Amino acid sequence: MIKRPHVMQDSIQDCGVACIEMICKFYNINIDRRYIQEETGYGMIGISLKAMEKFFSKVDANPEIVNISKINRLNKENREMINNSLPAIVFLEEEEIINHFVVIWHIGKKRILVSDPTHTKKEWINNKHFEKRAISYLFVEKPKNIFLNRSPKKVRFYGKFIKRNLKIFSLVMFFSIIVSLLSTYLSFNLGKNINILEKNIPLQEKTFLIQSISIGFIVLALVQVVVSYFKNILVIKGTFAFETQLFKKYINKMLTIHPKYFQLNSSGEFVSRISDILQVSNDVMNFFISVLLNFCMYVFSIITLFYFSKVMAIYLVVISAVVILFFAYIYPKIYHFGYTISKSNTDFQKKLITFIDGLEEFRALNADKYFSEKVLDKINKFITNNKKLQFFGTNSNVFLSLFNTVGTVILIAIGSLLVLKNSINLGNLTVLISLSGIVVSSLNQFGSFQAQYESMQVASHRLESILINMENENVCGEIILDKKIESIRCKRVSIKKGDTLLLDTVNCEIYRGKNLSIRGENGSGKSTLIKSLVRLDDDYRGQILINNIDIKKINLDCLRSKLVFVEPNPKFLEGTIRDNLLLGHKVPNSIFNKLIRDFEINKILDDLPLGINFPGEAAIKCLSSGQKQKLALFRGILKRPDILLVDEGFSNMDKEYLDRILPKFDSWGIKLIVIDHSNRVTKDIDYITMENYDIKNSWM
């Protein structure tokens with residue numbers, strides 16, 4: 024059997040990367056996705072078909088881009104010829120800006136076997152439907168010259184949780200089996216009561232037996248309730264344990280994730296994972312318990328039925344097979360609807376977060392109507408897809424209800440014939456009908472689990488794409504800088520943003536212990552360079568040396584305490600202004616108060632009702648742009664670094680204020696590296712100019 028591996032994408036941009044990985048796996052080449060990203064110029068809009076062709080050319084896979092029209096009208100000979108050249112990567116037409124690719128494995132007469140990286144498995148798609156979206160086909164041979172410098176990570180998402188909570192899972196399994204046995208036995212007990220009524224024994228003895236069995240029935244029912252209660256308690260505990268573990272992992276990952284992922288993904292993309300955490304944590308336990316419980320009840324019921332009547336047991340096994348075939352038919356449709364709803368829900372959340380974040384700006388531009396239409400469009404898609412699923416589910420339930428009714432009537436008819444033939448008695452018939460109800464109910468539950476299982480698969484993969492597949496910052500540097508920073512130098516540094524070259528093999532001293540201004544045209548790479556100094560952007564080639572030490576060998580906490588990057592628009596969390604300025608950093612009150620006076624922050628605080636204890640989030644909303652920049656700058660000053668990196672952080676401050684505070688930096692032992700298009704910082708300052716992929720300093 025031909026191995027056709029399916030690989031899911033980690034984010035909206037890397038479907039092309041996932042397709043390349045699928046092709047490599049098909050040829051038994053295990054390759055790390057990050058290597059593919061590096062070799063294809065992966066960026067904010069993913070990769071292009073040309074970049075994929077270039078990659079396969081580099082590895083001697085003889086790529087060829089072709090256009091195939093009217094694929095549904097191909098004759099058998101042409102289909103076989105194309106199938107012999109598969110798999111191929113297909114560029115699809117989509118509404119999104121980012122290119123979307125899929126892998127096709129086989130072209131049939133009416134359907135095509137497709138791996139869409141956004142889905143959890145391969146699917147058969149109608150030829151006509153596929154033809155409308157397919158633009159170009161990329162055919163490749165087996166790569167012969169591929170550099171296997173890394174092996175792909177093995178994902179173990181649930182393993183640790185199950186191992187850590189093995190006791191809970193074992194107890195839940197035990198209680199589920201007990202509940203299943205009790206349910207089966209209670210049905211059996213009901214039949215006994217009816218059998219007693221048929222027996223030719225004195226009324227008093229008959230009454231006593233019925234009362235005894237009834238009391239036993241009640242006791243067993245109460246035991247079942249108690250066992251179910253404890254089982255549910257364990258399920259809740261397990262769910263919350265898993266949820267807590269996932270949230271901790273998520274927060275820790277956000278704090279340690281490589282900065283490049285924040286450039287490639289919107290905040291909405293990350294925030295939408297919270298709903299995935301809630302879904303996975305609930306689905307995992309509920310799915311595990313429900314499947315286990317229904318499976319046990321089904322097996323025990325069939326075994327008990329076989330004891331009473333082989334005919335009835337075989338009949339129900341046949342019914343089960345028919346129901347399974349029905350679910351196998353509707354499963355792809357449920358799966359497709361489930362995925363579409365998940366995707367449209369994520370798109371809606373991302374758009375809504377962007378809308379709320381930029382609401383004031385959109386209203387100021389009188390564009391709120393335009394953007395609200397965009398959000399409403401996403402909502403409508405989500406509602407429409409959900410409605411389609413509900414209608415489809417209703418139609419499926421009608422069929423199942425009809426099927427169950429007909430099946431039950433046939434079951435009663437068979438049972439009645441067996442009673443008339445004295446093969447079984449009425450009590451046994453009651454047991455059979457009761458157990459049959461359990462079997463049919465379990466089968467229906469199995470059917471409903473399919474959609475839940477798929478949504479769980481999608482949600483868990485989306486979490487894995489962040490928690491496991493996205494790499495962390497490189498924090499392996501061990502060198503601690505004891506001395507002040509005296510020099511910063513570039514050694515053969517090259518920086519690219521996507522396909523755009525910013526610096527090309529630069530060898531230059533960029534800091535020599537004096538205040539520094541970085542100049543250059545927009546897009547020349549000034550912000551990228553300044554972020555590279557604190558490794559908020561470290562996708563560069565070459566070395567950046569501080570005091571002749573490669574910054575990647577310096578302890579990251581030490582580096583970011585010596586060099587502090589200041590954002591012009593500060594983000595304040597819950598808490599007072601003081602809390603948001605210090606951010607857990609301990610500064611003696613005497614120094615704190617002196618710094619406030621020296622940098623004139625007291626003038627901002629005097630206008631607020633509670634001063635330094637005014638709520639930070641509220642303050643940010645009512646302060647001017649210049650005041651916000653002053654607070655952002657002051658937050659960096661409180662860290663007492665060697666150098667403050669300021670990216671357009673002076674643009675809204677008046678020149679008189681700057682003239683007053685700039686000398687204060689020297690008195691506190693702080694130097695500045697600034698990007699300032701307004702050239703307000705000019706006294707006693709070095710400057711470097713970035714142009715033509717190079718850096719020129721003012722002192723050489």
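Numbering (our numbering), first residue to last: 24 to 723. Yeah, the Cβ is synthetic: ideal placement off N, Cα and C, and Gly gets one too. Predicted, not measured: the structure shown is a model, and the values here were computed from it.
Identified DSSP bridge partners for residue i
{"i": "Met713", "result": "Gly543 and Ile718"}
{"i": "Ala157", "result": "Leu115"}
{"i": "Lys694", "result": "Ile666"}
{"i": "Phe588", "result": "Leu668"}
{"i": "Asp573", "result": "Leu568"}
{"i": "Asn149", "result": "Arg134"}
{"i": "Pro638", "result": "Thr599"}
Whole-angstrom distance between residue j and residue i, CA atom to CA atom
{"i": "Lys333", "j": "Leu204", "result": "20 Å"}
{"i": "Pro611", "j": "Arg558", "result": "29 Å"}
{"i": "Lys155", "j": "Thr407", "result": "22 Å"}
{"i": "Leu194", "j": "Cys319", "result": "15 Å"}
{"i": "Gly536", "j": "Ser613", "result": "28 Å"}
{"i": "Pro175", "j": "Asp139", "result": "Because the pLDDT at Pro175 is just 48, under 50, the model does not fix this residue reliably, and the point stays unresolved."}
{"i": "Lys81", "j": "Lys397", "result": "41 Å"}
{"i": "Val345", "j": "Ile59", "result": "45 Å"}
{"i": "Ile135", "j": "Met31", "result": "19 Å"}
{"i": "Asn149", "j": "Lys93", "result": "12 Å"}
{"i": "Arg601", "j": "Gly639", "result": "8 Å"}
{"i": "Ile43", "j": "Ile25", "result": "18 Å"}
{"i": "Phe270", "j": "Leu490", "result": "10 Å"}
{"i": "Tyr273", "j": "Arg485", "result": "12 Å"}
{"i": "Ser54", "j": "Lys48", "result": "The residue asked about is misnamed: residue 54 is Ile in this sequence, not Ser. Rounded to whole angstroms, Ile54 to Lys48 spans 8 Å at the Cα level."}
{"i": "Val250", "j": "Thr599", "result": "50 Å"}
{"i": "His608", "j": "Lys662", "result": "7 Å"}
{"i": "Gln268", "j": "Lys144", "result": "27 Å"}
{"i": "Ser648", "j": "Gly692", "result": "27 Å"}
{"i": "Lys549", "j": "Leu115", "result": "37 Å"}
{"i": "Ile660", "j": "Tyr284", "result": "28 Å"}
{"i": "Ser690", "j": "Arg683", "result": "12 Å"}
{"i": "Lys644", "j": "Phe595", "result": "10 Å"}
{"i": "Ala655", "j": "Thr63", "result": "38 Å"}
{"i": "Thr428", "j": "Ser446", "result": "24 Å"}
{"i": "Lys11", "j": "Ala641", "result": "With the chain running from 24 to 723 in the structure shown, residue 11 is simply not present."}
{"i": "Glu590", "j": "Lys401", "result": "32 Å"}
{"i": "Leu425", "j": "Ser108", "result": "47 Å"}
Assigned secondary structure, residue i (DSSP; H/G/I helix, E/B strand, else coil)
{"i": "Ile162", "result": "According to the sequence shown, residue 162 is Phe rather than Ile. The answer is strand: DSSP assigns Phe162 an E or B state."}
{"i": "Pro686", "result": "helix"}
{"i": "Glu19", "result": "Only positions 24 to 723 of the chain appear in this structure, which leaves residue 19 out of reach."}
{"i": "Asn255", "result": "helix"}
{"i": "Val89", "result": "strand"}
{"i": "Gly69", "result": "strand"}
{"i": "Thr599", "result": "strand"}
{"i": "Ile280", "result": "strand"}
{"i": "Gln36", "result": "coil"}
{"i": "Thr230", "result": "helix"}
{"i": "Arg57", "result": "helix"}
{"i": "Ile25", "result": "coil"}
{"i": "Phe263", "result": "helix"}
{"i": "Asp629", "result": "coil"}
{"i": "Tyr50", "result": "coil"}
{"i": "Thr63", "result": "helix"}
{"i": "Ala41", "result": "helix"}
{"i": "Asp580", "result": "helix"}
{"i": "Asn389", "result": "coil"}
{"i": "Asp621", "result": "helix"}
{"i": "Asn427", "result": "helix"}
{"i": "Thr453", "result": "helix"}
Q.
Does the structure place the stretch 38-54 close enough to the stretch 120-135 that three or more beta carbon pairs sit under 8 Å?
A. yes
Between the stretch 548-564 and the stretch 518-535, do at least 3 Cβ pairs fall closer than 8 Å? yes
- Jot down the residue ranges of each uninterrupted beta strand (DSSP E) in the stretch 96-140, minimum 3 residues, whole runs only, in chain order. 111-115, 123-130 and 134-138
Q.
Report the start-end ranges of each beta strand (DSSP E) in the stretch 489-569 that is 3 residues or longer and not cut off at the edges.
A. 511-520, 523-534, 539-543 and 563-569
I want to know whether the stretch 494-514 touches the stretch 296-308 - three or more CB-CB distances under 8 Å. no
### Message
Closer than 8 Å is the cut-off here; do at least three beta carbon pairs connect the stretch 542-552 with the stretch 709-718?
### Response
yes
For this session: Would you check if there are 3 or more beta carbon pairs closer than 8 Å linking the stretch 258-270 to the stretch 433-444?
Result: no
With a threshold of 8 Å, are at least 3 pairs of Cβ atoms found where one atom belongs to the stretch 570-583 and the other to the stretch 614-634?
no
### Query
Per the contact definition of three or more C-beta pairs closer than 8 Å, is the stretch 666-685 in contact with the stretch 625-642?
no
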